[in-house]
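Chains as they are written, first to last, in our numbering: chain H, -6 to 579; chain U, 25 to 236.
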């Protein structure tokens, strides 16, 4: 009788006087989550702030001053680095956002939207590095594009000297980032529209606008977008922050003289001349300011757009050349899909290509030797990828579930502060705080052989947690609370309710979140490289190391392996429930 | 000129199964009432008339509006206004914004004056700048009505528009809507479950049977 009362009181009034161990763990979990995120991120930021001003005990430097910044300002081509970072970050984000809006507007409420989603969503699980390698192959002078048009159209008999993919303007980086972020933004928008209440409301209002004579595209921009945008803001800011500070794409697709700021910082940090690290720390602060500035710029742009177009929402104009936009969108969407498909086909062809002369569209001969030699060497990186991925994902899932359970015990959502902190690793440039983290790790030298693994797992967790949380939260919050109440009223302990009643209902969402967590972990480059001190090699670090040096064929094999790992995860998440339910029904 | 909405030899199918047959003409100021259980094809009929028949449904026959065949005209060019059972006001716009959204483009000052006049006529004076979420159910229904009327439709469809209002409000709103339909001489087609709606409409009533 007491159990019944207690649980129902907990559910409805948020009073917690249970002493059950499970409840205590769950109650503590949000605090632990905050600790786990705040300490590395803010600790890392402090860890980069101090050396930037000359205080670096690890280098026996204690003279506080601006020498790091002085060295930074004197760097040749710094202005170009900054412009390159700003241009690639901003333009790729704007492009991805604009194409997302065009697709949504042109195909709102049509079957095509689902089809486009089905085609583009697998791109989401492709790690940035693998996508960059594929795009690089495609636009290279001897890549698929020029092969398809040579020699019959452009008359090239020999591969020309082109500027792609390492063009000095960053066009290749923008292309790669846009193609990678477009599916993410589109999926985020469709996820928001899939919320039962909001989605239904917006679809009905779109219909009302059509009845009032609005062309479908205008109806989307005047009726749906104002309500949809607030839900896209955080993903957009995360995309902008990533695009302006990531190293994977610029390393593989970017120029080297000079590179983007983030890549330059990384090179200074890894330089044999340890004194460059002071300059690198100053650079990390500059990167922080740059990304922060871009985020502020975006928010200001938002306000400006709102101010400028506020009037025209109600001016009664119903048509802005909708037919043409419809055609343009169809062409752009087709181009994007064809481009991605060609990039993937090219990657597969390279990985099995024997001799492949230009401008032949297909290799002259096929061979599995690249795969064979890669498989021989892949043991350790594969083991590391799996070990780190699985441990990180398990931790992330457990912590997320406990935090969500805490919400139900307390009967209210996590505080706004906690929800914001969960997304902080996505908004702060990782290159800034990860280096600080490395400084700290070097201060606290623990003599354990597997310490670098622990460091890497903590670093991965920062990026895996937000996505796992995003993925699980809506399913957990939609659980019918009556099941738990019924179970509790039969005298079941809270821990048993959690494990025996709630988790089985969440089996599929947990599998999907796990696959997502694994995919995110597999794709991490910078956290692995830095937190592991360069000693831990994974498929991704190998793929990037090989991308600029080794042969295209080996590089293609590694890029494909990078794609295969997350793909296997998602296939398992999709197939396992079917088998298990089938077995259970027997 | 006499306005009219004509449904010519309509046969509506769901996965090749005949849902309903209809051959009717509604003249301006008249209200044709359709009654029938759910599943009888009432909503599909309205969807077909607005040009938004969902996949899985097919239709044969034609719809004519003021002697123009609009069967193949896309939804947003039909000039057929709809009142739904929910007001479906745009929550990112004010009351005046909702109405202005529906009005044809034109001189800003004249549009504002027209909105003020219309709000006053329907007893909504002073609510122009209010947020739509802060209105009562009856006020929301009246704003939705104004929104449809000021979009200058050539015909109007009523999709159980009063079913969510309580009884006194229901009668008042219904009287207002019917009065406006007659005043603007619009052909109207109403779908309802409620016999009192049908009686108040005072027009022809067609009862649909559930097809098996």
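Every residue gets a Cβ at the ideal spot worked out from N, C-alpha and C, and that includes glycine.
Note that this is a predicted model, so its numbers are computed, not measured.
Can you tell me which residues form a DSSP beta bridge with residue 30/U?
49/U, 88/U
Residue 96/H and residue 326/H look like a contact to me (Cβ under 8 angstroms); what is the Cβ gap, rounded to whole Å?
6 angstroms
As assigned by DSSP and simplified to three states, the class of residue 265/H
Here DSSP, grouped into helix, strand and coil, assigns residue 265/H to coil.
Return the residue from the list 137/H, 404/H, 460/H, 23/H that minimises the CA-CA distance to residue 227/H.
Nearest of 137/H, 404/H, 460/H, 23/H to residue 227/H, Cα basis: 460/H.
Unbroken alpha helix (DSSP H) run spanning residue 137/H, endpoints:
Counting along the chain, the alpha helix (DSSP H) containing residue 137/H begins and ends at 137 to 142.
Cross-strand partners of residue 104/U (DSSP beta bridge):
179/U
Run of the beta strand (DSSP E) containing residue 214/U, from where it starts to where it stops:
212 to 216
DSSP-derived helix/strand/coil call for residue 144/U:
helix
Considering only residues of the same chain and omitting the five flanking positions on each side of residue 511/H, which have a CB-CB separation below 8 angstroms?
382, 383, 386, 558, 559, 562
Endpoints, the beta strand (DSSP E) within which residue 55/U is located
55 to 59
Just checking: is the beta-carbon of residue 214/U within a distance shorter than 9 angstroms of some beta-carbon in chain H?
no
Just to confirm, are residue 233/H and residue 284/H a CB contact at a threshold of 9 angstroms?
Note that the C-beta distance between residue 233/H and residue 284/H is below 9 angstroms.
Span of the alpha helix (DSSP H), counted from its first residue to its last, around residue 231/U:
DSSP places residue 231/U outside any alpha helix (DSSP H); the residue lies instead in the beta strand (DSSP E), whose first and last residues are 229 to 231.
In this structure, how does DSSP classify residue 154/U when only helix, strand and coil are distinguished?
coil
Quick one: what's residue 38/U bridged to in DSSP?
Beta-bridge pairing links residue 38/U to 41/U, 81/U.
For residue 15/H, which of 504/H, 398/H, 455/H has the nearest alpha-carbon?
398/H
is_contact[residue 502/H, chain U] using C-beta, thresh 9 angstroms
no
Exposure label - residue 64/U; buried when at least 16 CB within 10 Å:
With 16 or more Cβ atoms within 10 Å of its Cβ, residue 64/U is classed as buried.
Three-way DSSP call (helix, strand, coil) for residue 359/H in this model
Residue 359/H: strand per DSSP, three-state reduction.
Is residue 317/H close to chain U, meaning its C-beta is less than 9 angstroms from at least one C-beta of that chain?
no
Which of helix, strand or coil does DSSP assign to residue 71/U?
helix
Residues of its chain near residue 48/U, where Cβ-Cβ distance is below 7 angstroms and the 5 sequence neighbours each way are ignored
31, 56
Among the residues of its own chain, which have a CB less than 6 angstroms from the CB of residue 81/U, if the five just before and after it don't count?
In chain order, 38, 68 place their CB closer than 6 angstroms to the CB of residue 81/U, counting only its own chain and leaving out the 5 sequence neighbours on each side.
Along the chain, where does the alpha helix (DSSP H) containing residue 66/H start, and where does it finish?
60 to 66
Exposed unless 16 or more other CB atoms sit within 10 angstroms - verdict on residue 535/H
buried
If we ignore side chains and look at the alpha-carbon of each, how far apart do residue 10/H and residue 20/H end up?
In this prediction, residue 10/H scores a pLDDT of 49, lower than 50, which makes its location untrustworthy; the coordinate-derived value is nonetheless stated afterwards. For the pair residue 10/H and residue 20/H, the Cα-to-Cα distance works out to about 11 angstroms.
Buried or exposed: residue 183/U, going by 16 or more other Cβ atoms within 10 Å of its Cβ?
Buried is the label assigned to residue 183/U, since at least 16 other Cβ atoms lie within 10 Å of its Cβ.
Cα-Cα separation between residue 429/H and residue 456/H, rounded to whole angstroms
Our two residues, residue 429/H and residue 456/H, have alpha carbons roughly 16 angstroms apart in a direct line.
Below 8 angstroms CB to CB, which residues in the same chain sit around residue 272/H once its five sequence neighbours on both sides are set aside?
61, 64, 65, 68, 261
For my contact list, residue 34/U and residue 85/U are in at a C-beta cut-off of 8 angstroms; report their separation, rounded to the angstrom.
4 angstroms
For residue 566/H, which of helix, strand or coil comes out of DSSP?
helix
Can you give me the start and stop residues for the alpha helix (DSSP H) that residue 382/H sits inside?
372 to 403
Roughly how far, in whole angstroms, is the beta-carbon of residue 549/H from the beta-carbon of residue 343/H, given that I think they are within contact range, below 8 angstroms?
4 angstroms
Alpha carbon to alpha carbon, how far is residue 305/H from residue 320/H? Give it in angstroms, no decimals.
24 angstroms
Under 7 angstroms between beta-carbons, which chain C residues line up against residue 130/U? List them in chain order, please.
Annotation note: the requested chain C is absent from the structure, which comprises protein chains H and U.
Could you tell me whether the Cβ of residue 120/U comes closer than 9 angstroms to any Cβ of chain H?
yes
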